[in-house]
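All remarks here apply to the structure that follows.
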Amino acid sequence: MSEPQSVAARLAGVRERIERATRACNRHPSSVTLIAVSKGHSPESIVEAYRAGQRDFGESYVQELQRKAGALAQLSDIKVHLIGHLQRNKAKLAVQYAHVVHTIDTPQLASELARRQAALGPARLPVLVEVNVGGEAQKHGVTPAGLGNLISAVRGLPELDLRGLMTIPPHSDDPAQARPHFEALRALQQVHGGVQTLPELSMGMSDDLEVAIAAGATLVRVGTAIFGARQPH
Ligand SMILES: *Cc1c(COP(=O)(O)O)cnc(C)c1O
């Protein structure tokens, strides 16, 4: 087997993919933010990416984030995105350790995050609403039909700053299969106020980021292509 590539080299490769994908659909590369998904990887790997200029990181589990917090404290200008399902009883830790939460899926979770955020001070917490566009029973996220009510609930909470929508399409080995799901999220963005009120679309991962960018992604969440295979949770 060949020598594994460094995190810096993999990161450069992913940035190049983003650049090519944006140019291919007449978008500017700066219209897409790369979130390096570091779940299942050590703080050392995160520092390696940081040294290569990466600042946005994604984690899926609040408790893993809590474990890494000490090691990450020195990286004072990183932005941590919580991209995994969040239980209400973890909301307090979530607002403590994450800068952005992508996975609001019920009004109850939104209220609890708002309550916990208020306790921290006047700053608002940027959030996205997770939509289950594929309609999969085992997936989290609000249904497209329930999205309007959830958006209203989040907008009613001054502690939360609603930034946009997030989705995880059904798993497939063919990246093209994700296209209709990404396009469905963009259509929901249009229905619910457009880019003025929901500027961010969080969609696309290691295998399908090009498809997501073509469909309008502004935040892509990439783990394996940057850090390699991860430890199982
Ligand atoms: C793990 C994870 C990713 C990254 O997936 P890769 O295939 O490793 O790029 C992106 N989004 C979410 C929600 C994840 O849980």
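Sequential numbering from -13 applies to the sequence shown in our numbering.
Glycine is no exception: its CB is placed at the ideal position from the N, C-alpha and C atoms.
So, residue i versus residue j, is the Cβ gap smaller than 8 angstroms?
i    : j     : result
F43  : V66   : yes
V140 : I199  : no
A35  : L(-3) : yes
R207 : G26   : no
L114 : L151  : yes
L133 : L174  : yes
Identify, in the order they occur along the chain, each residue of the same chain with its Cβ nearer than 7 angstroms to the Cβ of residue i, setting aside the five sequence neighbours on each side.
i      : result
E145   : A100, Q103, A104, R110 and L111
M(-13) : Confidence in M(-13) is poor, its pLDDT being 48 and thus under 50, which makes the residue's placement too unreliable to answer from.
R165   : V197 and A201
A80    : V48, L68, L72, V87 and L99
Does at least one heavy atom of ligand 1 sit under 7 angstroms from the Cβ of residue i?
i    : result
V208 : yes
K76  : no
G214 : no
G70  : yes
K25  : yes
D160 : no
L91  : Looking at the sequence provided, one finds Asp at residue 91 rather than Leu. No.
From the DSSP output, read off the bridge partner residues of residue i.
i    : result
M152 : E116 and S188
G44  : V23 and H67
V206 : L20
V87  : L68 and V113
Who are the Cβ neighbours of residue i in its own chain at under 8 angstroms, not counting the five residues just before and after it?
i    : result
H126 : H71, T89, D91, E116 and N118
E122 : P156
S31  : V(-7), S24 and F213
R37  : A(-6)
Can you find the residues in the same chain that come closer than 6 angstroms, C-beta to C-beta, to residue i, ignoring five residues on each side of it along the sequence?
i    : result
I137 : H178
A203 : L187, M189 and G190
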